[in-house]
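One point on numbering: in our numbering, the residue at position 135 of the sequence shown is 136, and numbering is uninterrupted.
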Amino acid sequence: MAFATNNDLVDLVRGIFDHCVEVWTTQLLSAQGDVERKIQAEWYNNRYYSGDWDPTLLTETQWTRATCYRALSVYILTQLTQWRVDGDSFQEQIDFYQEKFAEEMSDQFAIGIQYDSNEDGAIDSGEEFTRPDTRLWR
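As structure tokens, then:
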């Protein structure tokens, strides 16, 4: 189960393969691991499930953009930049995609995490978990 593919990267950055690299699959898988760890740490471990964490029960498409943003900011663009003191376009893109990753993760947590806890292959209304609202409104 892959959250994102090379085609998903092309949808975000058309010229991502113009840099003498044919595939970014390894980087996407590393980014997926980061996304899964973040979900486990910030959501799953804070819920009181009796079962073990199983990232295959997440809805892959919910995390496609976050995975691409993470791959770009941490694994792909860091390989392409020259790390010059005065910066380059890749360093600017790293900052941009780091912000996009944080926004996307926050949005998905707010919308509700889809987790097939009963493992029936479908997400029911009881399997979409939102972050509890702990803010007091006056």
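All residues carry an ideal CB built from backbone N, CA and C; glycine is no exception.
Reduced DSSP category for residue i - H, G, I as helix; E, B as strand; rest coil
i, result
"Glu-120", "coil"
"Ile-114", "strand"
"Glu-129", "strand"
Cβ-Cβ distance between residue i and residue j below 8 Å
i, j, result
"Gln-115", "Gln-83", "no"
"Ala-72", "Gln-28", "yes"
"Met-106", "Ala-42", "no"
"Ser-118", "Glu-129", "no"
"Asn-7", "Thr-26", "yes"
"Trp-44", "Phe-97", "no"
"Glu-104", "Leu-58", "no"
Exposed unless 16 or more other CB atoms sit within 10 angstroms - verdict on residue i
i, result
"Ile-40", "buried"
"Val-36", "buried"
"Thr-65", "buried"
"Ala-32", "buried"
"Gln-80", "exposed"
"Ile-112", "exposed"
6 Å CB neighbourhood of residue i in its chain, flanking five on each side removed
i, result
"Ser-126", "none"
"Lys-101", "Tyr-70"
"Leu-13", "Cys-69"
Nearest to residue i (by Cα), restricted to the options the options
i, options, result
"Val-75", "Gly-34, Asp-53, Phe-18 and Leu-58", "Gly-34"
"Ala-123", "Asn-7, Ala-3 and Thr-60", "Thr-60"
"Ala-3", "Asp-96, Leu-30 and His-20", "Leu-30"
"Ala-5", "Gly-16, Ser-90, Val-24 and Asp-19", "Val-24"
"Ile-77", "Arg-85, Asp-87, Phe-91 and Val-86", "Phe-91"
Neighbourhood of residue i by C-beta, 7 Å cutoff - its chain only, sequence neighbours within 5 removed
i, result
"His-20", "Leu-81"
Same chain, Cβ closer than 8 Å to residue i, neighbours up to 5 away in sequence not counted
i, result
"Val-11", "Ile-17 and Phe-18"
"Asp-89", "Thr-82 and Gln-83"
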